[in-house]
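Reviewing the structure listed below.
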Amino acid sequence: ADNLADFHGDNGCDSCHQTDKGPTNDNLTHENAQCVSCHGDLKEVAGGEREGIVSPHQSHLIGDIACTSCHKGHEKSVTYCDACHNFGYDMPFGGKWERKFVPVDAEKAAQDKAIAAGPRESTDVVIIGSGGAGLAAAVSARDAGVKVIVLEKEPVPGGNTKLAAGGMNAAETKPQAKLGIQDKKQIMIDDTMKGGRNINNPELVKVLANNSSDSIDWLTALGADMNDVGRMGGASVNRSHRPTGGAGVGAHVAQVLWDAAVARDTDIRLNSRVVRILEDGSGKVTGVLVQGAYTGYYVIKADAVVVATGGFAKNNDRVAKYDAKLKGFKATNHPGATGDGLDVATHAGADTVDLEYVQAHPTYSPVGGVMVTEAVRGNGAILVNREGKRFVNEITTRDKASAAILAQKGESAYLVFDDSVRKSLSKIEGYIHLKIVNEGKTVKELADKLAMPAAELEKSIASYNGFVKSGKDEQFERANLPRELATAPFYAIEVAPAVHHTMGGVKIDTKAEVVGKDGKLIGGMYAAGEVTGGVHGANRLGGNAISDIVTFGRIAGAQAAQYAKDH
Ligand code: FAD
Ligand code: MEZ
């Protein structure tokens with residue numbers, strides 16, 4: 001046997017499938033229940049594993065992770081984690097992770113046939129994508145009382161949202177008030193415009209900032225903990241909200257939104273790629289064509305469609321088309337961030353804006369295949385080069401920090417911090433678990449491990465600590481100096497820039513309505529989140545994407561629901 005079906009072959013097809021025709025839905029609900037009935041659920045499987053390994057069964061993914069996300073019946077199994085990391089798991093009947101981008105119109109004849117066959121079902125609102133924007137839209141549309149189907153092409157939900165780390169920006173919030181942080185929505189607007197090099201759509205930026213504290217309240221009412229507030233690059237004050245203790249914001253927000261959508265009986269379908277948005281020829285959408293990984297092509301008739309498909313940072317061919325300097329760069333993103341949603345929307349007439357702006361995140365660990373959150377710098381870490389010297393204001397905007405790292409020998413740098421920074425941010429425990437952190441009992445021991453001149457690193461840390469004491473960074477004018485690096489042990493992570501965020505995308509107005517290439521609104525088409533352009537201009541500020549997806553996702557869901565009621 002070289003696959004799971006052959007291995008289980010003696011038990012017959014009905015040991016996995018409900019009928020002899022194979023799967024009856026794309027979530028493989030029945031098939032996964034069969035795996036669990038014999039092998040136990042994810043938690044039970046993880047419980048039986050050797051201690052000390054990075055367990056694929058104790059992941060940061062959200063929702064109920066289906067066994068079939070990795071373990072395949074009739075083809076080689078692949079470890080989903082290997083899309084980002086490289087743990088080299090020895091998986092039974094496993095193959096190598098590989099995913100080629102298949103254009104959405106690759107099988108035109110089969111697609112046309114499915115369209116000609118007419119709708120298999122109908123609903124009020126279809127939402128494409130189960131990241132934060134899609135799930136926020138789903139929750140608000142369900143709260144407005146309409147029927148919703150969420151379609152997600154990946155086997156796991158949550159998109160890039162589940163990976164978000166450092167925080168969600170919001171101004172004039174209750175958590176800020178509790179911590180005595182003075183902030184103003186207008187300052188958030190000014191910071192966002194400045195960070196975006198003033199090419200952002202100012203009306204969209206106003207919506208982002210003016211609704212940001214409401215979005216924190218909305219998430220909190222759904223059960224989120226957004227009480228820790230830290231600093232991100234390009235922000236004038238601390239406004240990046242995350243769970244108490246500094247856990248990653250994305251997995252938490254995505255889980256809260258997932259739970260809220262499930263509690264509202266939302267129909268969420270995984271392994272379901274939308275390849276076309278259908279319209280009636282007069283500028284109004286009529287539904288979508290879905291490619292179910294197991295059930296094939298089918299049409300869903302819908303009054304309104306929300307495109308919430310995220311960005312395309314994981315599609316390096318497309319990234320390099322817009323920014324040749326980024327050719328061959330690694331990406332921080334999940335494997336589904338390929339840009340199919342953009343294609344689907346533009347094929348249906350949507351206009352685009354700012355596609356040429358692609359952002360690199362300065363601190364990606366090539367060793368672990370994981371982005372190291374900006375919050376580590378926000379909470380006090382410094383960046384040094386191979387000579388042990390600081391070379392940049394660590395909390396400047398990402399475009400500047402990335403360029404400065406690439407200018408260093410080896411085109412990488414070390415993020416250096418002490419135990420007090422580690423204790424301030426629980427997200428760091430994850431990096432230690434992934435074994436990407438070097439540790440020394442003294443600064444000298446750490447420098448020796450990195451083959452770095454110890455005297456230089458000691459000097460850099462001593463002068464940085466002097467700036468913390470005086471409250472002024474004489475070298476690089478770093479604005480936040482939260483703590484001295486003086487508590488052993490000391491830590492370092494090697495970091496280099498990786499493609500992180502695509503600022504451009506579908507053109508929307510302040511109600512998340514999609515603007516067509518002819519300048520008119522496309523009736524019933526809405527978009528929210530990283531698939532859209534205009535909010536972030538030429539360069540997104542850390543923490544503004546989660547704010548964007550929650551606020552515009554809520555707006556898109558409510559507007560789409562209203563449109564469906566009116567039509
Ligand atoms: P996503 O969350 O990416 O969801 C889109 C979904 O649509 C995906 O699941 C995708 O598979 C699906 N999809 C795509 N095409 C189709 C199709 N044709 N049919 C069906 N489904 C489709 N931002 C912050 O503000 N703060 C942070 O701390 C932060 N940290 C980050 C850390 C990392 C490692 C990364 C990668 C990003 C981070 N960001 C952060 C950015 C932020 O997470 C994203 O911009 C945001 O989550 C995007 O949300 P979204 O809902 O628009 O898209
Ligand atoms: O907004 C982001 O992308 C972000 C804050 C990432 C991070 O470093 O945590």
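Residue 423 in our numbering is what sits at position 423 of the sequence shown, and the numbering runs on without skipping anything.
We put the CB at the ideal spot given by N, CA and C, even for glycine.
Check	Outcome
To the nearest angstrom, report how far apart Ser402 and Pro366 are at their CA atoms.	14 Å
What are the start and end residues of each continuous alpha helix (DSSP H) run of 4 or more residues lying completely inside the segment 75-139, in chain order?	108-116
Within a Cβ cutoff of 7 Å, which residues of the same chain sit near Val205, ignoring the five residues on either side of it in sequence?	Ile189, Thr192, Met193 and Val535
Out of Ser15, Lys147, Pro56 and Asp26, point me to the one whose CA is closest to Ala564's CA.	Lys147
Should Ala136 be counted as a contact of the ligand HEM given a C-beta to heavy atom distance under 7 Å?	Ligands in the displayed structure: the ligand FAD and the ligand MEZ; the ligand HEM is not one of them.
CB Ala137 to CB Gly557, shorter than 8 Å?	yes
Touch check for the segment 327-345 and the segment 252-266: three-plus C-beta pairs under 8 Å?	no
Roughly how many whole angstroms lie between the Cα atoms of Lys435 and Asn393?	27 Å
I'd like to confirm something about Thr192: is its beta-carbon nearer than 7 Å to some heavy atom of the ligand FAD, or not?	no
I believe Gly230 touches Gly158 by the beta-carbon criterion, under 8 Å. Please report the beta-carbon distance rounded to the nearest angstrom.	That belief does not hold up - the Cβ atoms of Gly230 and Gly158 are roughly 22 Å apart, past 8 Å.
Under the criterion of a Cβ to heavy atom distance below 7 Å, does Thr373 qualify as lining the ligand MEZ?	yes
Let's test the definition: count the other Cβ atoms within 10 Å of the Cβ of Phe417 and tell me whether it reaches 16, buried, or not, exposed.	buried
Beta-carbon within less than 7 Å of Ala512's beta-carbon, same chain only, minus the 5 sequence neighbours each way: which residues are those?	Tyr526, Ala527, Ala528, Phe552, Ile555, Ala556 and Gln559
Do the segment 139-155 and the segment 233-245 touch if we need at least three Cβ pairs shorter than 8 Å?	no
Measure the C-alpha to C-alpha separation of Pro56 and Cys81 and round it to an integer number of angstroms.	7 Å
Could you have a look at Lys507 and say whether DSSP puts it in helix, strand or coil?	strand
For Gly542, which residues from the same chain have a beta carbon less than 6 Å from its beta carbon, with the 5 sequence-adjacent residues on both sides left out?	Gly166, Met232, Gly233 and Glu374
In the DSSP assignment, find the unbroken beta strand (DSSP E) run with Met525 in it and report its ends.	Leu521 to Ala527
Where do the ends of the beta strand (DSSP E) carrying Phe417 lie?	Ala413 to Asp418
Looking at the strands, I want to know which residues DSSP matches up with Val305.	Val126 and Met525
Looking at C-alpha atoms only, which residue of Gly524, Gly132, Ala479 and Lys100 is the closest neighbour of Ala348?	Gly524
Would the beta-carbon of His501 be found less than 7 Å away from any heavy atom of the ligand MEZ?	yes
DSSP three-state call for Glu429: helix, strand or coil?	helix
Does the ligand FAD have even one heavy atom less than 7 Å from the beta-carbon of Asp418?	no
Compute every distance between the C-beta of Leu163 and the non-hydrogen atoms of the ligand FAD, then say whether any falls below 7 Å.	yes
With a cut-off of 8 Å on the beta carbons, I'd call Ala308 and Gly134 a contact; round off their distance for me.	4 Å
For Cys38, does the count of other Cβ atoms within 10 angstroms reach 16, so buried, or fall short, so exposed?	exposed
Can you look up Glu568 in the DSSP assignment and give me helix, strand or coil?	In the structure as shown, the chain begins at 1 and stops at 567. Residue 568 is therefore absent and cannot be evaluated.
If Val306 and Val288 are in contact, beta carbons under 8 Å, what's the gap, nearest whole angstrom?	That belief does not hold up - the Cβ atoms of Val306 and Val288 are roughly 11 Å apart, past 8 Å.
Mapping the DSSP letters down to three states, classify His501 as helix, strand or coil.	strand
Of all the CB atoms in chain B, is at least one closer than 8 Å to the CB of Pro362?	Among the chains in the structure shown there is no chain B, since it carries only a single protein chain.
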